[in-house]
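J.: Got a structure for you, written out below as structure tokens; questions coming shortly.
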Amino acid sequence: MERTLILLKPDAVERQLIGTILGRFEQKGLNITALKMLQFTPELAKRHYADHLDKPFYPGLEAYIISGPVVAAILEGDEAVAVVRRMIGPTNGIEAPAGTIRGDFSLSSRRNLVHASDSLDAAEREMALFFCVDSQS
Ligand code: CMP
Numbered sequence: 016m017e018r019t020l021i022l023l024k025p026d027a028v029e030r031q032l033i034g035t036i037l038g039r040f041e042q043k044g045l046n047i048t049a050l051k052m053l054q055f056t057p058e059l060a061k062r063h064y065a066d067h068l069d070k071p072f073y074p075g076l077e078a079y080i081i082s083g084p085v086v087a088a089i090l091e092g093d094e095a096v097a098v099v100r101r102m103i104g105p106t107n108g109i110e111a112p113a114g115t116i117r118g119d120f121s122l123s124s125r126r127n128l129v130h131a132s133d134s135l136d137a138a139e140r141e142m143a144l145f146f147c148v149d150s151q152s
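Numbered by our numbering, the letters in the sequence shown go through residues 16 to 152 in order.
Below, the structure is given as structure tokens:
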């Protein structure tokens, strides 16, 4: 059993897709074990997206992620990290295949609705950042 962290980003909240997106994960059989709405600050954006700080798209990414509330959740299930990444699809909604969340609902590289941890290490770091939990709890 694995756990992973997802964020429903400001475009998902604005477009009233919270229930639709969380419902997909529930229909798949993943359990939501933690859930909250929060507002990113520039400081939290820099911590969460530390690997992207030097990328040319970072200023736009930060402006977007602080632009409105986000929903953070922990999803639990067999191979949850890989399963959730496959379900959200590739970064660019234009290229994401139909049937993935980004493929069905996004036409953008930035406004791509959902973030999901890309490895078990990232999941541990991100769960601690948003929920103060570690891998044992
Ligand atoms: P996410 O999975 O949260 O991880 C990094 C985020 O940066 C990504 O989703 C997008 O929101 C954003 N991003 C990645 N690549 C680009 C890009 N080429 N242009 C704009 N934003 C991007």
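Yeah, the Cβ is synthetic: ideal placement off N, Cα and C, and Gly gets one too.
Could you compute how far the alpha carbon of residue 69 sits from the alpha carbon of residue 111?
T.: Indexing the sequence shown from 1 puts residue 69 at position 54. Indexing the sequence shown from 1 puts residue 111 at position 96. Taking the straight line from one Cα to the other gives about 25 angstroms.
J.: Please determine, among 148, 97, 143, the residue with the shortest C-alpha to C-alpha distance to residue 134.
T.: Residue 134 sits at position 119 when you count from the first residue of the sequence shown. It is 97.
J.: At the level of alpha carbons, what is the spacing between residue 119 and residue 108?
T.: Along the sequence shown, one-based indexing puts residue 119 at 104. Along the sequence shown, one-based indexing puts residue 108 at 93. Taking the straight line from one Cα to the other gives about 8 angstroms.
J.: Within 10 angstroms of the Cβ of residue 52, are there 16 or more other Cβ atoms? Answer buried if so, exposed if not.
T.: On the sequence shown, position 37 is the one that residue 52 refers to. The residue in question, residue 52, is exposed, as its Cβ has fewer than 16 Cβ neighbours within 10 Å.
J.: Compare the C-alpha of residue 22 against each of 57, 92, 141 and name the closest.
T.: The residue given as residue 22 occupies position 7 in the sequence shown. Checked all of 57, 92, 141; the closest Cα to residue 22 is 141.
J.: Quick check on the burial criterion: 16 or more other C-beta atoms within 10 angstroms. Buried or exposed for residue 77?
T.: As a position in the sequence shown, residue 77 is number 62, starting the count at 1. The residue is buried, with at least 16 neighbouring Cβ atoms inside 10 Å.
J.: By the 10 Å Cβ neighbour count, where 16 or more other Cβ atoms means buried, how is residue 138 classified, buried or exposed?
T.: As a first step, residue 138 is located in the sequence shown; it is residue number 123 there, counting from the start. Its Cβ being crowded by 16 or more others within 10 Å, residue 138 is buried.
J.: Assuming residue 49 contacts residue 89 (C-beta within less than 8 angstroms), just tell me the rounded distance between them.
T.: Translated into the one-based positions of the sequence shown, residue 49 becomes position 34. Translated into the one-based positions of the sequence shown, residue 89 becomes position 74. Yes, residue 49 and residue 89 are in contact; Cβ-Cβ is about 4 angstroms, under 8 angstroms.
J.: DSSP has residue 91 in a bridge; who is on the other side?
T.: Taking the sequence shown and counting its residues from 1, the one referred to as residue 91 is at position 76. 18, 46.
J.: With residue 2 and residue 45 assumed to form a contact (beta carbons below 8 angstroms), what rounded beta-carbon distance in angstroms separates them?
T.: Nothing about residue 2 can be read from this structure; the chain reaches only from 16 to 152.
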